[in-house]
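Student: First, the structure itself, so that you have it in front of you.
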Amino acid sequence: MQVDETLIRSVVEQVVTRLGGNGTIAPAPAGNQGRFGLFTCVNEAVAAAREAFDRLSERTLDDRRRIIEHIRRISIDQCVELGTMEMEETKIGRLQHKIEKLKTLGERSPGVEFLRSEVFSGDHGLAVIEHAPFGPIGTITPVTHSLPTITGNAVNMIAAGNTLVINPHPGGRRVAAEGVRRFNEAIYRDLGLDNLICLITEPTLETAEAIFKHPDIALLCVTGGPGVARAAMRQSKRAIVAGPGNPPVVVDETADPDRAARCIIQGAAYDNNLLCIAEKQVFVVESVFDAMMAAMDRAGSVRLNAREIDALTKVAITSVGQGQQKHDVASGDFVGKDAAVLAQAAGKGIPGNVDLLFGETDESNPFVPVEQMMPFLPFVRARDVDHAIEMAYRSEHGFRHTAIIHSNNVRNMTKMGKKMDTTLFVKNGASMAGLGVGGEGYISFSIATPTGEGPTTPLTFTRERRCTMVDDLRILGR
Ligand code: NAD
Numbered sequence: 003m004q005v006d007e008t009l010i011r012s013v014v015e016q017v018v019t020r021l022g023g024n025g026t027i028a029p030a031p032a033g034n035q036g037r038f039g040l041f042t043c044v045n046e047a048v049a050a051a052r053e054a055f056d057r058l059s060e061r062t063l064d065d066r067r068r069i070i071e072h073i074r075r076i077s078i079d080q081c082v083e084l085g086t087m088e089m090e091e092t093k094i095g096r097l098q099h100k101i102e103k104l105k106t107l108g109e110r111s112p113g114v115e116f117l118r119s120e121v122f123s124g125d126h127g128l129a130v131i132e133h134a135p136f137g138p139i140g141t142i143t144p145v146t147h148s149l150p151t152i153t154g155n156a157v158n159m160i161a162a163g164n165t166l167v168i169n170p171h172p173g174g175r176r177v178a179a180e181g182v183r184r185f186n187e188a189i190y191r192d193l194g195l196d197n198l199i200c201l202i203t204e205p206t207l208e209t210a211e212a213i214f215k216h217p218d219i220a221l222l223c224v225t226g227g228p229g230v231a232r233a234a235m236r237q238s239k240r241a242i243v244a245g246p247g248n249p250p251v252v253v254d255e256t257a258d259p260d261r262a263a264r265c266i267i268q269g270a271a272y273d274n275n276l277l278c279i280a281e282k283q284v285f286v287v288e289s290v291f292d293a294m295m296a297a298m299d300r301a302g303s304v305r306l307n308a309r310e311i312d313a314l315t316k317v318a319i320t321s322v323g324q325g326q327q328k329h330d331v332a333s334g335d336f337v338g339k340d341a342a343v344l345a346q347a348a349g350k351g352i353p354g355n356v357d358l359l360f361g362e363t364d365e366s367n368p369f370v371p372v373e374q375m376m377p378f379l380p381f382v383r384a385r386d387v388d389h390a391i392e393m394a395y396r397s398e399h400g401f402r403h404t405a406i407i408h409s410n411n412v413r414n415m416t417k418m419g420k421k422m423d424t425t426l427f428v429k430n431g432a433s434m435a436g437l438g439v440g441g442e443g444y445i446s447f448s449i450a451t452p453t454g455e456g457p458t459t460p461l462t463f464t465r466e467r468r469c470t471m472v473d474d475l476r477i478l479g480r
């Protein structure tokens, strides 16, 4: 998608002016109608979402379509302004991609058209299985895509007849609140329904916990890293958990190196590697290793030498925890930063148009096991494809999220697919092909991995109800 650079600059200026001050959000008016979904108190937010759910339950499927059209329209038409706000607030990723993500989620998140019913028809009549909503869904969203995740979740969940109570990441709460306010206001003006999407404007771990535990929250949907995934799975109610990834790439001796390089750069550089599906480490079969590195050069990525990689690793990877819990993590100072910022830390000057850095490391370099979310990719030599798949498997930590192979050998593809056992497995494409962008399928920014629902759709947020008619209404046969 092309967006006019002058328009972006003018929107940046307006947004910076508007977001000034101490960043707190104006208090909402009293009463639930006209609050447009913004709450500081979890109990009030859940009560409003419950009331909205009851009112939505009286509406038609066509009304749900109209509601979703407002969310789509705002995400698409206001993507430059809202994407710019997200960039200004979170300060991670790339403006062009913040804008694109909102537009894409607005256009392509599965809506009412994904609902369906099943029928069993036989000698004893009919059984119809329909998919019913749960009620208000407790929803946790990440800083890496604050408003885009809300857009996708809201389209999916409301299509299925639910409402939402969102605890956004504190680092992206302001754009989340602004988007939610706009969605609710447009829906209210058109359909007279408010608070379908409720959001905690000052989110904390305590407000998340209060949402998890609230008796009127029927279901949880959590998108984030290992900590929140563990917290959600400890709850006594059902949780749909879109957890962390660390997607490995294997390149074997049959791959087209130039195509592989283009795809790897497209996926790994997107929004400075913030996507959970993005290529994070590459294992290349020895016999084509040098050819693959040369293809990365040709495709415009910049190679760091061993000394530069050491310098970058020292500052970009840090450790947390004590004793046995101690482990490496990406440094917050470098997550989602531009390649130029990483290059500077590595002591290398690069042209401004470089999207991705890469370099040779061994398997033990922390950039391999850590979900770095930075535009630097470690490339590791493998003896053969089995060795490459083995290292890829270890680096993914059993998250079962995403894996990628570049190969023209179907046996190698099959072997890797079986071993990795990931939710998404992409062959000969960029990682986003697994979400239907440059490949087949549909998009979701909540890919439920440990709990197994996969990329979410409206049906993910439904409960089955069966309606049985005995001996009648089958109009076939005797
Ligand atoms: P994060 O884990 O730091 O935060 C995610 C959300 O969880 C935030 O709202 C945060 O406030 C909340 N949170 C964190 N710990 C919590 C706890 N103990 N209890 C309750 N809430 C808690 O992650 P992030 O940096 O915002 O996002 C990046 C991570 O999310 C990466 O690991 C990435 O792989 C993952 N992610 C996964 C998907 C997916 O679809 N599977 C999509 C996007 C991001």
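Residue numbers (our numbering): 3 to 480.
C-beta atoms are modelled at their ideal positions from N, C-alpha and C, and glycine is treated no differently.
Where does residue 483 fall in DSSP's three states?
Tutor: As displayed, the chain neither begins before 3 nor continues past 480, which places residue 483 out of reach and without an answer.
Student: Are the CB atoms of residue 203 and residue 40 within a distance shorter than 8 angstroms?
Tutor: On the sequence shown, residue 40 is found 38 positions in, with the first residue counted as 1. On the sequence shown, residue 203 is found 201 positions in, with the first residue counted as 1. By the CB criterion at 8 angstroms, residue 40 and residue 203 fall inside the cutoff.
Student: Assuming residue 128 and residue 84 form a contact by the criterion Cβ under 8 angstroms, report the distance between their Cβ atoms to the nearest whole angstrom.
Tutor: As a position in the sequence shown, residue 128 is number 126, starting the count at 1. As a position in the sequence shown, residue 84 is number 82, starting the count at 1. Actually they do not touch by this definition, with Cβ atoms about 46 angstroms apart.
Student: Helix, strand or coil for residue 148 per DSSP?
Tutor: As a working mapping, residue 148 is identified with position 146 in the sequence shown. Residue 148: helix per DSSP, three-state reduction.
Student: What does residue 100 pair with, by DSSP beta-bridge criteria?
Tutor: On the sequence shown, position 98 is the one that residue 100 refers to. In the DSSP output, where bridge partners are listed per residue, residue 100 has none listed.
Student: For residue 321 versus residue 331, is the C-beta spacing smaller than 8 angstroms?
Tutor: As a working note, residue 321 is residue 319 in the sequence shown. As a working note, residue 331 is residue 329 in the sequence shown. For the pair residue 321 and residue 331, the CB atoms are nearer than the 8 angstroms cut-off.
Student: Is residue 398 near the ligand NAD, with its Cβ less than 7 angstroms from a heavy atom?
Tutor: As a first step, residue 398 must be located in the sequence shown, where it is residue number 396. False, no ligand heavy atom lies under 7 angstroms from that Cβ.
Student: Once DSSP output is grouped into helix, strand and coil, what is the label at residue 24?
Tutor: Residue mapping note: residue 24 aligns to position 22 of the sequence shown, counting from 1. Low confidence applies to residue 24: its pLDDT is 45, below 50, so where it sits in the model is not reliable enough to give any reading.
Student: Along the beta strand (DSSP E) that carries residue 406, what are the first and last residues, could you check?
Tutor: Counting from 1 along the sequence shown, the entry for residue 406 is found at position 404. First-last of the beta strand (DSSP E) with residue 406: 404 to 408.
Student: Answer yes or no: the CB of residue 455 versus the heavy atoms of the ligand NAD, is any distance below 7 angstroms?
Tutor: If you number the sequence shown from 1, residue 455 lands on position 453. No, since every heavy atom of the ligand NAD falls outside the 7 angstroms radius drawn around the Cβ of residue 455.
Student: Check for me: the beta strand (DSSP E) holding residue 471 runs from which residue to which?
Tutor: The sequence position of residue 471 within the sequence shown is 469, counting from 1. Its beta strand (DSSP E) spans residues 464 to 472.
Student: Thinking residue 405 and residue 249 are a contact (beta carbons under 8 angstroms), I'd like their distance in whole angstroms, please.
Tutor: Numbered from 1 along the sequence shown, position 403 holds the residue referred to as residue 405. Numbered from 1 along the sequence shown, position 247 holds the residue referred to as residue 249. That belief holds up - the Cβ atoms of residue 405 and residue 249 are roughly 6 angstroms apart, short of 8 angstroms.
Student: Could you please give me the residues that DSSP links to residue 165 through a beta bridge?
Tutor: Translated into positions along the sequence shown, residue 165 becomes position 163. Answer is 138, bridged to residue 165.
Student: For residue 296, which three-state DSSP category applies?
Tutor: Here residue 296 corresponds to residue number 294 of the sequence shown, with the count starting at 1. If DSSP states are grouped into helix, strand and coil, residue 296 belongs with the helices.
Student: At what residue ranges does the region 254 to 329 contain a whole run of the alpha helix (DSSP H), taking only runs of 4 or more?
Tutor: 259 to 271, 291 to 300, 308 to 318
Student: Once the 5 residues before and after residue 356 are set aside, which same chain residues still bring their CB inside 6 angstroms of it?
Tutor: What you label residue 356 is simply residue 354 of the sequence shown in a count that begins at 1. 304, 341.
Student: Does the Cβ of residue 471 have 16 or more other Cβ atoms within 10 Å, making it buried, or fewer, making it exposed?
Tutor: Counting from 1 along the sequence shown, the entry for residue 471 is found at position 469. It is exposed - the Cβ of residue 471 has fewer than 16 other Cβ atoms within 10 Å.
Student: Could you compute how far the alpha carbon of residue 428 sits from the alpha carbon of residue 301?
Tutor: For the purposes of this step, residue 428 is identified with residue 426 of the sequence shown, where counting begins at 1. For the purposes of this step, residue 301 is identified with residue 299 of the sequence shown, where counting begins at 1. The alpha-carbon atoms of residue 428 and residue 301 are separated by roughly 20 angstroms.
Student: Do residue 287 and the ligand NAD come close, with the Cβ less than 7 angstroms from some heavy atom?
Tutor: In the sequence shown, the residue the question calls residue 287 occupies position 285. Checking the Cβ of residue 287 against the ligand NAD gives no.
Student: When you measure from the CB of residue 142 to every non-hydrogen atom of the ligand NAD, does any distance come out below 7 angstroms?
Tutor: Stepping through the sequence shown from its first residue, residue 142 is reached at position 140. It does: the Cβ of residue 142 is within 7 angstroms (strictly closer) of some heavy atom of the ligand NAD.
Student: With C-beta atoms as the reference, is residue 378 less than 8 angstroms away from residue 283?
Tutor: As a first step, residue 378 is located in the sequence shown; it is residue number 376 there, counting from the start. As a first step, residue 283 is located in the sequence shown; it is residue number 281 there, counting from the start. Taking 8 angstroms as the Cβ cut-off, residue 378 and residue 283 do not qualify as a contacting pair.
Student: Is the region 380 to 400 touching the region 235 to 252 in the sense that three or more CB pairs, one from each, lie closer than 8 angstroms?
Tutor: yes
Student: Is any heavy atom of the ligand NAD found at a distance shorter than 7 angstroms from the C-beta of residue 448?
Tutor: Numbered from 1 along the sequence shown, position 446 holds the residue referred to as residue 448. The answer is yes for residue 448.
Student: Exposed or buried, residue 144, counting other C-beta atoms within 10 Å across all chains shown (16 or more means buried)?
Tutor: Within the sequence shown, numbered from 1, the residue matching residue 144 stands at position 142. Counting Cβ neighbours within 10 Å, residue 144 comes out buried, since at least 16 surround it.
Student: Residue 365 lies in the beta strand (DSSP E); which residues open and close that run?
Tutor: Along the sequence shown, read from residue 1 onward, the residue named residue 365 stands at position 363. Counting along the chain, residue 365 falls outside any beta strand (DSSP E), and DSSP gives it neither H nor E.
Student: Closest to residue 80 by C-alpha separation, out of 94, 102, 92, 96, would be which residue?
Tutor: In the sequence shown, counting from the first residue as 1, residue 80 sits at position 78. Of the candidates 94, 102, 92, 96, the one whose C-alpha sits nearest the C-alpha of residue 80 is 102.
Student: If we count the other Cβ atoms within 10 Å of its Cβ and call it buried at 16 or more, is residue 120 buried or exposed?
Tutor: By 1-based counting over the sequence shown, the position of residue 120 is 118. When all chains shown are included, residue 120 counts as exposed.
Student: Grab the span of the beta strand (DSSP E) containing residue 121 for me, first residue to last.
Tutor: For the purposes of this step, residue 121 is identified with residue 119 of the sequence shown, where counting begins at 1. Taken as a continuous stretch (DSSP letters only), the beta strand (DSSP E) holding residue 121 covers 120 to 124.
Student: Can you check whether the CB of residue 269 is closer than 8 angstroms to the CB of residue 246?
Tutor: In the sequence shown, counting from the first residue as 1, residue 246 sits at position 244. In the sequence shown, counting from the first residue as 1, residue 269 sits at position 267. In this structure, residue 246 lies away from residue 269, with their beta-carbon atoms at least 8 angstroms apart.
Student: Please return the same chain residues whose Cβ sits closer than 7 angstroms to the Cβ of residue 323, not counting the five positions on each side in sequence.
Tutor: Walking along the sequence shown from the start, residue 323 turns up at place 321. Excluding positions up to five away in sequence, the list reads 329.
Student: Spatial neighbours of residue 122 within its chain, please: CB distance less than 6 angstroms, with the 5 preceding and 5 following residues excluded, ordered by chain position.
Tutor: To locate residue 122, count along the sequence shown from 1; it is residue 120. Excluding positions up to five away in sequence, the list reads 129.
Student: Taking the beta strand (DSSP E) that residue 225 belongs to, which residues open and close that run?
Tutor: Translated into the one-based positions of the sequence shown, residue 225 becomes position 223. Run containing residue 225: 221 to 225, per the beta strand (DSSP E) assignment.
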